[in-house]
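Presented below is the structure to which this report refers.
In the working numbering, the protein residues as written are 70 to 163.
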């Protein structure tokens, strides 16, 4: 009833490579294929991960932006619920 566990990985996770996906005829069936396995002339010399490489902003700037967004959301919620005591002067969030 209790047998020893087989070695290796199930599902081929150990052998998976995105380069193989880009060569596969059914690559559209893979979730994330357009980013992780780009094919065609459009992707040549392009940074397809540009949205994730924004290194100019510091952690403090990011936290300040999040604080402003949360503040604006709290103000909007207070106005919608008619419980606002004082409205802050509108500030640009972005």
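The C-beta atom is built at its ideal place from N, Cα and C for all residues, glycine as well.
Quantities reported herein were computed from a predicted structural model and do not represent experimental measurements.
### Task
Quick one: residues in its chain with C-beta nearer than 8 Å to the C-beta of residue 119, no 5 flanking neighbours on either side, listed in chain order?
none
### Message
Which complete alpha helix (DSSP H) runs does the segment 115-157 hold, if anything under 4 residues is left out?
### Response
Runs found: 128-149.
### Message
Taking the alpha helix (DSSP H) that residue 87 belongs to, which residues open and close that run?
### Response
87-92
### Query
What did DSSP end up calling residue 74 once you bin it into helix, strand or coil?
Three-state DSSP puts residue 74 in coil, outside helix and strand.
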